[in-house]
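Structure first, then comments.
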Amino acid sequence: MLIKTDNNGYIHPASSEITPRGIYQQRRDLIKLMATGAAGAALAGWAGRDAMAQAVARPGKLAALPGARSAVPGAVTMEKVTDYKDVASYNNFYEFGTDKSDPAKNAHTLVTKPWTVAIEGLVRQPKTYAIEDLIKLSAQEERIYRLRCVEGWSMVVPWVGYSLAELIKKVEPLGSANYVEFITQADPKTMPFVGSRVLDWPYVEALRMDEAMHPLTLLSFGMYGEVLPNQSGAPVRLVVPWKYGFKSGKSIVKIRFTDKEPRTAWNKAAANEYGFYSNVNPNVDHPRWSQASERRIGEDGLFSKKRKTLMFNGYEAQVGQLYAGMDLKKNY
Ligand SMILES: Nc1nc2c(c(=O)[nH]1)N[C@H]1C(S)=C(S)[C@@H](COP(=O)(O)O)O[C@H]1N2
Ligand SMILES: [Mo]
1 MLIKTDNNGY
11 IHPASSEITP
21 RGIYQQRRDL
31 IKLMATGAAG
41 AALAGWAGRD
51 AMAQAVARPG
61 KLAALPGARS
71 AVPGAVTMEK
81 VTDYKDVASY
91 NNFYEFGTDK
101 SDPAKNAHTL
111 VTKPWTVAIE
121 GLVRQPKTYA
131 IEDLIKLSAQ
141 EERIYRLRCV
151 EGWSMVVPWV
161 GYSLAELIKK
171 VEPLGSANYV
181 EFITQADPKT
191 MPFVGSRVLD
201 WPYVEALRMD
211 EAMHPLTLLS
221 FGMYGEVLPN
231 QSGAPVRLVV
241 PWKYGFKSGK
251 SIVKIRFTDK
261 EPRTAWNKAA
271 ANEYGFYSNV
281 NPNVDHPRWS
291 QASERRIGED
301 GLFSKKRKTL
311 MFNGYEAQVG
321 QLYAGMDLKK
331 NY
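Going by our numbering, the residue at position 96 of the sequence shown is 96; the numbering climbs one at a time, nothing skipped.
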């Protein structure tokens, strides 16, 4: 394949191989049309849409990882998908630097092969999975999720993966397993900022068991029909769409089942700012800024915060009952 490099260091395929962004938008438009019921003629195009989606669905340099559109309720938002170039160049991945542009520049040193994910703790079937086997454990689905960072920006990404629940069922947690902890890679040789004092490495996150079992909690291996680029958390990350982005750990190497609530990296760094739950909530402000609104990467201006942030990031109908009776101001 012919490649050229742009000034961000990205390798792009020959233009004849580029199609997906346009196709994604067409798919979104068509789905929207179907949803409004204004689509008699569009029905004829439906088969064409699928053929089109299968024929492309990849931006270029990485291995294809297509997923069938998810049927999980709430898994496919109708909002405009953020451009791949924005999603892959504006990142938080502190192991590669604290500037938004650092991960895209630095994460090429991450070694994703070989890669294993160890399942440990309170389970009947502890096991270390080779990434290749983990990818095949369940059918890959495409989920188009909003992701809202605690810093006040958001984006809409077509992730590829399957519900974490599929893996959890296979490894059979014990009755005493109340939490699931996600431990991510911390290799100072390949991750230049591991060792910096911003966080206590490795980056660790965790969920309550019912949150981990919720079908929207995604174990993700890809985006835009390809395997994940390193800066997005290759080869496997979590995406928990109703929580602030930092709950979605990147480049996971261990999944541990525990009885007690695990200490998490950001909670250790600043417990008053980053709670264990960290559900997106426009009514509970961060101690240093409001969470009532957000700006969409690639669309809203850098200094405008135009969009109203939605309760549970818009996933309230699906996940609200997980928190029935809880004081969300206290359990932030
Ligand atoms: N290992 C690791 N995972 C991480 C982070 C990190 O610094 N290290 N940052 C988190 C934060 S704050 C956000 S908002 C999301 C960002 O994901 P994105 O770069 O794919 O948008 O990743 C999360 N996962
Ligand atoms: Mo974030």
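Each residue gets a CB set at the ideal place from its N, CA and C atoms; glycine is no exception.
In angstroms with no decimal places, state the Cα-to-Cα distance between residue i and residue j.
i    : j    : result
F221 : L328 : 31 Å
G301 : D83  : 15 Å
A64  : R143 : 16 Å
E79  : I255 : 32 Å
M155 : V81  : 8 Å
L30  : G152 : Because the pLDDT at L30 is just 45, under 50, the model does not fix this residue reliably, and the value given afterwards should be weighed accordingly. Cα-Cα distance, rounded: 30 Å.
E294 : N313 : 11 Å
N267 : A206 : 11 Å
G22  : S70  : Summary for G22: the model assigns pLDDT 43, below 50, so the residue's position carries little reliability, and this model does not support an answer.
P282 : A234 : 30 Å
P229 : V194 : 19 Å
D133 : S304 : 44 Å
G325 : D210 : 15 Å
A270 : L199 : 10 Å
P287 : E273 : 6 Å
V319 : A212 : 11 Å
V227 : L62  : 6 Å
P158 : S232 : 12 Å
V204 : K105 : 23 Å
E299 : D86  : 10 Å
Y315 : M223 : 20 Å
K189 : I183 : 18 Å
L310 : F257 : 31 Å
A55  : A139 : Residue confidence is low: A55 scores 38 on pLDDT, short of 50, so the model does not pin down where it sits. No coordinate-derived value is stated.
K330 : Y277 : 10 Å
A75  : R208 : 20 Å
Q26  : L122 : Per-residue confidence for Q26 stands at a pLDDT of 47, beneath the threshold of 50, marking its modelled position as unreliable; no derived number is given.
A177 : W201 : 24 Å
D187 : P215 : 31 Å
W242 : K306 : 19 Å
I168 : Q291 : 32 Å
Y323 : A265 : 23 Å
G275 : T98  : 21 Å
A130 : L174 : 23 Å
K308 : K170 : 39 Å
P192 : F96  : 6 Å
P73  : H108 : 35 Å
S196 : D102 : 14 Å
D259 : E166 : 20 Å
For a test of your reading of the model: does the CB of residue i fall under 6 Å from any non-hydrogen atom of ligand 1? Yes or no.
i    : result
Y84  : no
F193 : no
K250 : yes
F221 : no
N106 : no
S232 : yes
F96  : no
G152 : no
Given a cut-off of 7 Å on the beta-carbon distance, is the pair residue i and residue j in contact?
i    : j    : result
T77  : R148 : no
I119 : P126 : yes
G161 : L219 : yes
K250 : R237 : yes
P262 : Y179 : yes
Q185 : V253 : yes
R124 : E181 : no
P66  : G225 : yes
Y244 : V284 : no
A68  : E141 : yes
C94  : I297 : Contrary to the premise, residue 94 reads as Tyr rather than Cys in this sequence. Taking 7 Å as the Cβ cut-off, Y94 and I297 do not qualify as a contacting pair.
L164 : T217 : yes
T128 : T112 : no
Following a CB-centred definition, is residue i positioned closer than 6 Å to any heavy atom of ligand 2?
i    : result
V204 : no
V156 : no
F182 : no
V343 : Residue 343 cannot be examined here, being either before or after the span of the chain that is shown, 1 to 332.
F93  : no
G275 : no
V280 : no
F257 : no
F312 : no
By DSSP's criteria, residue i is part of a beta bridge. Which residues make up the other side?
i    : result
K308 : S293
H242 : The residue asked about is misnamed: residue 242 is Trp in this sequence, not His. Answer is none; W242 lacks a bridge partner.
F96  : Looking at the DSSP assignment, F96 forms no beta bridge with any residue, so it has no partner.
W153 : R295
Y162 : L219
R143 : W159
Y315 : Paired residues: none, contrary to the question.
Does chain D have any CB closer than 7 Å to the CB of residue i?
i    : result
P235 : Structure shown: chain D not included; a single protein chain is present.
Any beta strand (DSSP E) of 3 or more consecutive residues that is wholly inside the segment 190–220:
204–208
At 3 residues or longer, and completely inside the segment 248–297: list those beta strand (DSSP E) runs for me, N to C.
252–258, 293–296
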